[in-house]
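Per my numbering, the sequence shown starts with residue 14, numbered consecutively.
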Amino acid sequence: MSQTITGADILIQALEREGVEVVFGVPGGAILKAYDSIFDSGIRHVLARHEQGAGHMASGYAHATGTTGVAFATSGPGATNLITPLADAYMDSIPVVAITAQVASASIGLDAFQEAHTWGISMPVTKHNYLVTDTSEISSTVHEAFHIAATGRPGPVLVDITKDALAGSIAWSGPSEIHLPGYKPSVKGHPKQVNAAIDMILASERPVLYAGGGIIRSEASEELRTFAEQQHLPVVTTLMARGAIPDSHELTLGMPGMHGSYTASTSMQKADLLIAVGARFDDRVTGDPQFFAPDARIIHVDVDPAEIGKIRTPDIPIVGDAKSVLTQLIDSGATALAHRPLPDRTPWFDQLAAWQRDYPLTYDQDPDGPIQQQYVIDELAKHSPPGTIVVAGVGQHQMWASQFWGFEEPKTWINSGGLGTMGYAVPAAIGAQQGRPDTMVLAIDGDGCFQMTFQELITAAVEGIPVKIAVMNNANLGMVRQWQRLFYNERYAGSELSATNPDVVMLAEAMGCAGFRAEHPDDVVPTIEKGLAVDDRPVVMEFVCDPDAMVFPMIKAGGSNDVIIMGPEDL
């Protein structure tokens with residue numbers, strides 16, 4: 014039986030039917046009708062201090078929970094402030110639905126107050142987007158948006174709804190079926206290609222399983238491990254795939270690429286076969302593609318057909334979901350192994366073990382100081398409970414966290430990979446903590462990143478979200494400074510920050526957080542112990558670190574992965 018209902022109520026009911034439990038957002042004039050409706054809903058609204066923060070919170074929530082994050086923003090600047098987090102989610106294949114308001118239909122194109130061409134601006138950075146001007150289309154559009162965001166290659170979807178569509182009332186009897194005839198993502202791989210892949214793997218002497226973020230998105234970690242063990246394949250995990258297979262596993266080689274381990278990067282260069290699953294041959298992994306893995310044949314598994322052949326033409330392309338295709342590969346592999354043994358890859362594994370022995374990831378912490386970020390990360394890992402979710406900003410601290418934290422579980426490493434968004438860590442950690450309230454969430458941030466979005470700690474304090482932030486204060490934009498030191502004759506233009514302004518501890522306390530500081534190596538462990546013991550409010554731990562430290566190994570941007578700089582002595 015139909016009832017008369019407003020567009021705003023239809024919107025909130027649609028979100029409830031999608032199982033949405035929390036929305037991150039900032040209200041404004043055009044979207045006020047939706048806020049009036051959410052007031053009576055069981056959905057929790059978390060008030061961000063900036064729409065960018067709301068978007069990153071939704072992304073962190075999606076990362077940590079494996080569900081779709083939701084952000085609200087009003088028209089004009091509210092919507093445009095969401096563009097960066099949408100672009101970030103788009104690059105890293107994170108399912109986010111953004112609900113924005115638009116000026117009234119009759120005002121579109123008239124430069125009305127707080128009008129922006131939201132659907133046009135957001136088109137390049139969303140998987141799909143909508144402009145809804147009719148109240149009767151709100152429900153179906155929202156359900157389509159959630160379906161598109163979470164299926165196939167996940168990504169952000171924006172729904173822009175005019176003010177009059179939200180305010181309008183219609184006789185409404187409930188949602189209709191989703192009808193998207195042109196949207197049919199491939200799930201299963203072609204059986205012929207799957208069998209051919211197994212044949213190629215069983216003929217390989219120096220294979221490497223190249224695991225990307227698609228493993229995390231499709232929740233295929235168990236299948237990845239089973240497949241690697243069945244076929245006895247060494248595994249490299251990209252920045253977005255850390256934790257897809259335990260770092261402690263004997264087949265794990267670590268992260269490859271620009272700041273990856275020597276063994277992971279070199280194994281790919283010397284491989285005769287790369288099995289890429291849920292990876293997109295990102296430039297931070299490949300360097301110059303013409304020099305990348307020159308002798309390797311390629312099996313490429315990806316749910317997005319646009320990624321197949323974009324960078325490297327595969328010998329065997331398989332379009333399909335990572336979890337489904339890995340299951341097929343496991344079944345096909347078991348059948349094949351019933352009739353023939355695995356090849357003897359002892360020389361290959363001996364070589365990998367030699368590289369791991371000769372080129373480990375190391376650091377040197379002088380007991381007199383200054384504090385090295387790697388030491389802080391090492392101690393944080395030792396003192397944090399198993400399963401801690403680590404969130405990173407972008408820069409040196411991000412690379413050291415990915416190198417020195419041992420990831421044993423999927424969805425415990427959250428960072429901005431593709432877009433490299435400074436300011437990501439604090440709001441994303443808040444979103445992750447909201448999504449996983451019973452798990453410790455620890456953001457490892459740089460002082461430069463922290464100063465971009467620290468105001469969201471007010472949100473965490475007010476909302477009672479006890480996230481923990483470790484600020485690596487080296488008084489610089491560290492990665493920028495490293496490049497200026499190595500490639501710009503130490504001309505440090507625009508990369509130097511103040512070591513004391515802001516006073517991070519006082520700032521934390523002013524925002525309702527607990528604040529602690531370590532200025533000497535002897536202070537590191539006590540600071541960590543005090544910070545991790547607080548569980549009734551957000552915590553900020555500041556570590557005053559070496560301003561001149563650099564991240565190694567390093568491969569020059571656009572260079573060959575055969576040339577790995579292991580330290581300053583190689584420059």
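Idealized CB from N, CA, C, for every residue including glycine.
- Comparing alpha carbon positions, the residue from Ser217, Asp301, Leu266, Val332 closest to lysine 205 is Val332.
- For alanine 111, the beta-bridge partners assigned by DSSP are Ala84, Leu171.
- Between valine 35 and isoleucine 51 a beta carbon distance of about 11 Å is seen, past the 8 Å cut, so the two are scored as non-contacting.
- Within the same chain, and ignoring the five residues on either side of alanine 233 in sequence, the residues whose Cβ sits closer than 6 Å to its Cβ are Ala335, Lys336, Leu339.
- Secondary structure remark: continuous alpha helix (DSSP H) runs of at least 4 residues inside the stretch 197-249, in chain order: 204-215, 227-230, 234-244.
- Taking the CA atoms as reference points, threonine 326 sits about 17 Å from valine 207.
- Histidine 63 carries a coil assignment under DSSP once its states are collapsed to helix, strand and coil.
- In its chain, beyond the 5 residues on either side, Val36, Gly38, Ile112 have a beta carbon closer than 6 Å to the beta carbon of phenylalanine 85.
- In the structure shown, alanine 178 adopts helical secondary structure according to DSSP, grouped into three states.
- Burial is judged here by how many other beta carbons sit within 10 angstroms of a residue's own beta carbon; alanine 319 has fewer than 16 and is exposed.
- Three or more beta-carbon pairs drawn from the stretch 214-224 and the stretch 349-356 are found closer than 8 Å, and the two stretches are therefore classed as touching.
- Phenylalanine 556 and glycine 544 have their C-alpha atoms some 12 Å from each other.
- DSSP places alanine 184 within a strand segment (E or B) once states are collapsed to three.
- A residue is called buried when at least 16 other Cβ atoms come within 10 angstroms of its Cβ; valine 110 meets this threshold and is buried.
- For glutamate 509, the secondary structure class from DSSP, reduced to helix, strand or coil, is strand.
- Look at the beta carbons and you see the stretch 303-312 not touching the stretch 263-272: under three pairs across the two are nearer than 8 Å.
- Between isoleucine 211 and glycine 346, the CB-CB gap stays under 8 Å.
- In the displayed model, aspartate 458 falls within a strand according to three-state DSSP.
- By the Cβ-count criterion, glutamine 16 is exposed, with fewer than 16 other Cβ atoms from all chains shown falling within 10 Å of its own Cβ.
- Here the alpha carbon of glycine 187 sits roughly 18 Å from the alpha carbon of alanine 180.
- Following the DSSP letters along the chain, one finds aspartate 328 in no beta strand (DSSP E), marked with neither H nor E.
- When DSSP reads this structure, threonine 265 sits in a beta bridge with Val248.
- Assignment of isoleucine 25 by DSSP, reduced to helix, strand and coil, places it in the helix class.
- For alanine 405, the uninterrupted beta strand (DSSP E) run begins and ends at 402-405, by DSSP.
- Every alpha helix (DSSP H) of 4 residues or more that sits fully in the stretch 413-481 is shown, in chain order, as 438-448, 460-466, 469-476.
- In the structure shown, the three-state DSSP call for glutamine 364 is helix.
- The stretch 560-573 makes contact with the stretch 491-507, as at least three CB pairs between them are under 8 Å.
- Around the beta carbon of methionine 104, a 10 Å sphere encloses 16 or more other beta carbons of the protein chains shown; the residue is thus reported as buried.
- Glycine 91 sits in a helix when the DSSP states are folded into three classes.
- Partner residues in the beta bridge of histidine 141, as assigned by DSSP, are Val170.
- Beta-bridge analysis with DSSP links isoleucine 578 to Met567.
- Excluding its 5 nearest sequence neighbours in each direction, proline 108 has C-beta neighbours in its own chain below 6 Å: Ala75, Thr81, Ala162, Ala163, Pro167, listed in chain order.
- Residue Glu64 holds the alpha-carbon nearest to the alpha-carbon of glycine 91 among Ser72, Glu64, Ala117, Gly73.
- Going by beta carbons, glutamine 115 and aspartate 173 fall inside the 8 Å limit.
- Exposure of serine 189 is indicated by the presence of fewer than 16 other C-beta atoms within 10 angstroms of its C-beta.
- Cα atoms of isoleucine 578 and aspartate 371: separation of roughly 14 Å, rounded to the nearest angstrom.
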